[in-house]
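Protein chains: 2
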Amino acid sequence: MPVEWQPVRQSRTHELVLQSIEERVFAGELRAGDRLPPERELAPVLGVSRSALREALRVLETIGVLVAQPGRGPDAGARIVRNPDDALGRLLRLHFALGSYSLEDVLEARVVLERSSFEAAARHASPDDLDEAEALVVRMGEPDVGVPEFNDLDTRFHVHIARSSGNELTSTLTSAVRESVRPLILRALEEAKDWPATAAALNAEHAELLGLVRAGKGANAADLVERHIRSLHGTLVDEKSDRARGDS
Amino acid sequence: MPVEWQPVRQSRTHELVLQSIEERVFAGELRAGDRLPPERELAPVLGVSRSALREALRVLETIGVLVAQPGRGPDAGARIVRNPDDALGRLLRLHFALGSYSLEDVLEARVVLERSSFEAAARHASPDDLDEAEALVVRMGEPDVGVPEFNDLDTRFHVHIARSSGNELTSTLTSAVRESVRPLILRALEEAKDWPATAAALNAEHAELLGLVRAGKGANAADLVERHIRSLHGTLVDEKSDRARGDS
DNA sequence: CCCGATCTTTGGTCCGACCATATGCGGTGT
DNA sequence: ACACCGCATATGGTCGGACCAAAGATCGGG
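Chains D and U supply the protein sequences, listed in that same order.
Following the numbering used here from start to finish, the first sequence increments by one per residue and tops out at 265.
Following the numbering used here from start to finish, the second sequence increments by one per residue and tops out at 265.
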């Protein structure tokens, strides 16, 4: 009796439909790019109403496994896709907002994931990847960048490095985790005392990071990105407690 | 022109509803435990049909942010909750099945996450946590455990350590990533030549891991869990290529 | 042969009804 | 007074049918 009892509640037909479609995915019968039959055909085949079917499809859509387009032609209808990033991002954002994760948890996760990303990027990144990252750093270094754009570029820099590490999963996770704290970072940057100096300091680290990756010094890059992230999150924690005091 | 254009397509009312509810969550107006108004009340307030509202609620439910129960009383209705684990697990399982992530990606992610988990657990785990982990290892060591139960206990051991690391986010990620390859590991174990020997070997490592965590030797535990995971995934890769040859 | 109006397919929405479930209330018998 | 049984009610879940909107397909006219 090691496992706790858990509610059996089945009934809900849209879950059965979901299960049925999932099985096809697991069995490899449904692959990315495949089209599902039109709702009006599939529903009676499965023996459910169109509403129930639609709720199952909506679930698959939020998971990033399906997209639907009205109209006619090869691109219309419900298609199986692989787009986990938005789904994961939304999931983490909401749960972070609900307090499922503390800021410290996010910090540690970022450190762990991005250390790995930078280490792998130092080995696997292609010249094109590095050039693109370079362009982001250059843009961030220009004096006219506002806070929102800087935040956007910063996110893209970190995510881009993760992407060029060659690991889709960790890059997706990195992107999602970074996204989940984006509003916090944005507000922290907005309230920085001396914005140009802050931006310059942050971007100097970006340039150094990129240099280390380019030189193949993965271990050094990992250490630096850990410091980079920890210092930024340090200001966030202060910010958060400030706000807590202010709100109370 | 740094950012790519992206489709504007709004229209879909259930997405607007979703956005509206999300905003309340981000603003802190909706917190875990809160109840939403009944669908029949909320829909007209938002100016949408009940179906559209329901599809939005379904999205929130699959994200693990909402649960709904029929009936009457304080537990009935739609409630905000924090249950990211199932949602994340399903997401990764499906995307892994669709080939969004390679087995190597999952391997690296597991290594990175679990190294961190074991290192943190060596510092933060409570005696109760360790005792529970101990019970799992003991059970895994008994000779009558079948493959499915062993796989289940193994999963729970790794997830339990992650939980006791004190980091909700990495433990959720660990659990989800481990879940996504569960069927593969299950099949690999089932096809092991000498199952009792395999189980004993694996569990010896579990016992050693637990000992290191108990002794506070986080770095050693991290190294060992990395070897532990890599060796297991090594058999998985073989298994997968075997199957690829067989299926072709 | 090209262009535009119209048709057809397909997802998106709405409405109204009914079903299933679980609580709350009230009546009834002891 | 208390226990039990059954009905009312609130709530999510499902169903069926209708209509709307988008976008390629089709066909007719120039």
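Even glycine gets a Cβ: it sits at the ideal position worked out from N, Cα and C.
These figures come from a predicted structure and were not determined experimentally.
Taking residue i as part of the beta strand (DSSP E), name the residues at either end of that continuous run.
i        : result
Leu83/D  : 83–86
Arg110/U : Premise fails: Arg110/U lies in the alpha helix (DSSP H), 101–114, not in any beta strand (DSSP E).
Ala95/U  : 94–97
Exposed or buried, residue i, counting other C-beta atoms within 10 Å across all chains shown (16 or more means buried)?
i        : result
Glu185/D : buried
Arg195/D : buried
Asp148/D : exposed
Ile101/U : Rather than Ile, the amino acid found at residue 101/U in this sequence is Pro. The residue is buried, with at least 16 neighbouring Cβ atoms inside 10 Å.
Ile75/U  : Going by the sequence as given, residue 75/U is Arg instead of Ile. Arg75/U should be labelled buried.
Ala216/U : buried
Ser66/D  : exposed
Ala93/U  : exposed
Ala214/D : exposed
Ser28/U  : exposed
Asp122/D : buried
Gly263/D : Residue placement at Gly263/D cannot be trusted, given a pLDDT of 47 that sits under 50; what the coordinates show is reported in the next sentence. So Gly263/D counts as exposed.
Ser117/U : buried
Arg107/D : buried
Val162/D : buried
Gly233/D : exposed
In terms of residues, what are the limits of the alpha helix (DSSP H) holding residue i?
i        : result
Arg41/D  : 30–43
Arg204/U : 199–207
Pro3/U   : Here chain U covers residues 18 to 265 and nothing more, so residue 3/U does not appear.
Asn220/U : 212–231
Ser133/D : 120–141
Arg173/U : 164–180
Out of the options, state which residue places its alpha-carbon closest to the alpha-carbon of residue i.
i        : options                                : result
Pro197/D : Phe43/U, Ala221/U, Ser28/U, Ser37/U    : Before going further, note that residue 197/D is Ser rather than Pro in the sequence given. The option with the nearest alpha carbon to Ser197/D is Phe43/U.
Ser181/D : Ala114/D, Ala142/D, Thr191/D           : Ala142/D
Leu241/D : Asp146/D, Arg132/D, Thr215/D, His177/D : Arg132/D
Glu151/D : Glu78/D, Leu124/D, Glu225/D            : Glu225/D
Gly251/D : Val98/D, Leu124/D, Ala93/D, Glu72/D    : Leu124/D
Leu59/D  : Ser119/D, His31/D, Leu190/D            : His31/D
Trp212/D : Arg57/D, Asp122/D, Val164/D            : Val164/D
Glu40/D  : Leu227/U, Arg247/U, Arg71/U, Leu115/U  : Leu115/U
Glu243/U : Arg231/U, His223/U, Ala232/U, Gly233/U : His223/U
Gly158/U : Leu108/U, Ser37/U, Ala218/U, His177/U  : Ala218/U
Leu35/D  : Ser117/D, Pro200/D, Ala69/D, Phe113/D  : Ala69/D
Ala221/D : Gln86/D, His245/D, Ala205/D            : His245/D
Leu206/U : Leu253/U, Ile38/U, Pro144/U, Gly50/U   : Leu253/U
Glu56/U  : Pro87/U, Asn237/U, Arg231/U            : Pro87/U
Ser134/U : Ser134/D, Ala139/D, Ala138/D, Val128/D : Val128/D
Leu77/D  : Pro61/D, Pro91/D, Asp103/D             : Asp103/D
Gly50/D  : Val62/D, Ala139/D, Arg99/D             : Arg99/D
Ala209/D : Asn168/D, Gly233/D, Thr172/D           : Asn168/D
Gly64/U  : Tyr118/U, Ser37/U, His177/U, Ser119/U  : Ser37/U
His177/D : Pro200/D, Asp146/D, Leu249/D           : Asp146/D
Gly45/U  : Asn237/D, Ala232/D, Pro91/D, Phe113/D  : Phe113/D
Val230/U : Arg199/U, Arg173/U, Val62/U, Pro144/U  : Pro144/U
Ser248/U : Ala232/U, Asp161/U, Ile202/U           : Ile202/U
Glu166/U : Ser119/U, Ala126/U, Arg199/U           : Arg199/U
Ala238/U : Ala85/U, Ala138/U, Val162/U            : Ala138/U
So residue i and residue j are supposed to be a Cβ contact under 8 Å. How far apart are they, rounded?
i        : j        : result
Ala95/U  : Leu83/U  : 6 Å
Leu170/D : Leu153/D : 5 Å
Glu136/U : Gly235/U : 4 Å
Thr191/U : His175/U : 7 Å
Arg48/U  : Ile97/U  : 6 Å
Thr189/U : Leu105/U : 6 Å
Leu109/U : Ala193/U : 5 Å
Glu72/D  : Arg173/U : Going by Cβ atoms, the distance from Glu72/D to Arg173/U rounds to 31 Å, so no, they are not a contact pair.
_Ranges of the alpha helix (DSSP H) found wholly within the segment 45–83 of chain D, counting only runs of at least 4_ = 56–63, 67–80
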